[in-house]
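K.L.:
Encoded as structure tokens, here's the structure I'll be asking about.
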Amino acid sequence: KNQVEQSPQSLIILEGKNCTLQCNYTVSPFSNLRWYKQDTGRGPVSLTIMTFSENTKSNGRYTATLDADTKQSSLHITASQLSDSASYICVVYGNTGKLIFGQGTTLQVKP
Amino acid sequence: GAVVSQHPSWVICKSGTSVKIECRSLDFQATTMFWYRQFPKQSLMLMATSNEGSKATYEQGVEKDKFLINHASLTLSTLTVTSAHPEDSSFYICSAGLGQETQYFGPGTRLLVL
Numbered sequence: 001k002n003q004v005e006q007s008p009q010s011l012i013i014l015e016g017k018n019c020t021l022q023c024n025y026t027v028s029p030f031s032n033l034r035w036y037k038q039d040t041g042r043g044p045v046s047l048t049i050m051t052f053s054e055n056t057k058s059n060g061r062y063t064a065t066l067d068a069d070t071k072q073s074s075l076h077i078t079a080s081q082l083s084d085s086a087s088y089i090c091v092v093y094g095n096t097g098k099l100i101f102g103q104g105t106t107l108q109v110k111p
Numbered sequence: 112g113a114v115v116s117q118h119p120s121w122v123i124c125k126s127g128t129s130v131k132i133e134c135r136s137l138d139f140q141a142t143t144m145f146w147y148r149q150f151p152k153q154s155l156m157l158m159a160t161s162n163e164g165s166k167a168t169y170e171q172g173v174e175k176d177k178f179l180i181n182h183a184s185l186t187l188s189t190l191t192v193t194s195a196h197p198e199d200s201s202f203y204i205c206s207a208g209l210g211q212e213t214q215y216f217g218p219g220t221r222l223l224v225l
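Below is the structure:
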């Protein structure tokens, strides 16, 4: 069964600290993996998109990694800011033509 | 580029009424539009996929007679929740695709049925 699992479910960190979110998937065949940021009451906004041949991709303070062999991805946030408080969703696109969504990690950055 | 808008952003209605939500791609033509529903603390769940000029394809368990989708042009799709009930209260998000792989999400519409 095609699944995307994220951990932790929620996370609280202090402003300025780094954090890493995890994503494991069983989607096969695999085309690409995306990380989205979803602010409360808003639609998801794309952070990174990686194909199976890419190991890492950065977008400002966000760096995503991908290990297609172990089917794992991570999203690293550097020097967190209060505005980073949001849900982060890992989404995998397989050749079925549909996006498979993870449950998301809720990040809260405290001053 | 690739901006998707939704209207309204939030709506409160009485049980039994119908509610229409619009999804527009503002700066590109979308061959495909997707409608999602998101309940609190859950991820997005695909409801249906619509292609311009053809009938929508609904996911299993989604009632097509209750959630009417019209995709009349390459920039506009509408979702009508007919005879809404409190259990239909949710966050509805559309996305517009340039192809199957590329989806740009709208800001969402929060529906509260009293």
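Protein sequence lines, in the order shown, are assigned to chains R and P. Those letters in the first sequence? Residues 1 to 111, per the working numbering, in order. Those letters in the second sequence? Residues 112 to 225, per the working numbering, in order. The beta-carbon is built from N, C-alpha and C at its ideal position, and this holds for glycine as well.
(1) Could you tell me whether the Cβ of Ser154 of chain P comes closer than 7 Å to any Cβ of chain R?
(2) Going straight from the alpha carbon of Ile77 of chain R to that of Gly127 of chain P, what length do you get?
(3) How many Å lie between Ala64 of chain R and Pro197 of chain P at the Cα?
(4) Under the DSSP definition of a beta bridge, which residues are partnered with Ser201 of chain P?
(5) Determine the direct distance from the alpha carbon of Lys17 of chain R to that of Ser73 of chain R, and round the result to whole angstroms.
(6) Using 8 Å as the Cβ pair cut-off and three pairs as the minimum, do the segment 126-144 of chain P and the segment 32-42 of chain R touch?
(7) How many Å lie between Lys1 of chain R and Lys98 of chain R at the Cα?
(8) Can you grab the Cα-Cα spacing for the pair Phe52 of chain R / Ser206 of chain P, in whole Å?
(9) Below 9 Å between beta carbons is the criterion; list the residues of the segment 97-110 of chain R that meet it against any residue of chain P, in chain order.
(10) How long is the line joining the alpha carbons of Ser188 of chain P and Asn95 of chain R, rounded to whole angstroms?
(11) With a CB to CB cut of under 7 Å and the five nearest residues on each side skipped, what residues in its chain are close to Glu163 of chain P?
(12) Tell me whether the segment 7-27 of chain R and the segment 79-89 of chain R touch, counting them as touching only if at least three CB pairs, one residue from each stretch, are closer than 8 Å.
(13) Measuring CB to CB, does Gln153 of chain P end up less than 7 Å from Gly217 of chain P?
(14) What would DSSP say about Asp39 of chain R, mapped onto helix, strand or coil?
(15) Whole angstroms are fine: how far does the CA of Asp199 of chain P sit from the CA of Val105 of chain R?
(16) With distances taken from CA atoms, which of R:Trp35, R:Gln103 and R:Ala68 is nearest Ser58 of chain R?
P.N.:
From the atom records:
(1) yes
(2) 45 Å
(3) 39 Å
(4) P:Leu222
(5) 20 Å
(6) no
(7) 14 Å
(8) 24 Å
(9) Gly97, Lys98, Leu99, Phe101, Gly102, Gln103, Gly104 and Thr106
(10) 25 Å
(11) Thr142, His182, Ser184 and Leu185
(12) yes
(13) no
(14) coil
(15) Position check: residue 105 of chain R holds Thr in this sequence, whereas Val was assumed. When rounded, the distance between both Cα atoms is 25 Å.
(16) R:Trp35
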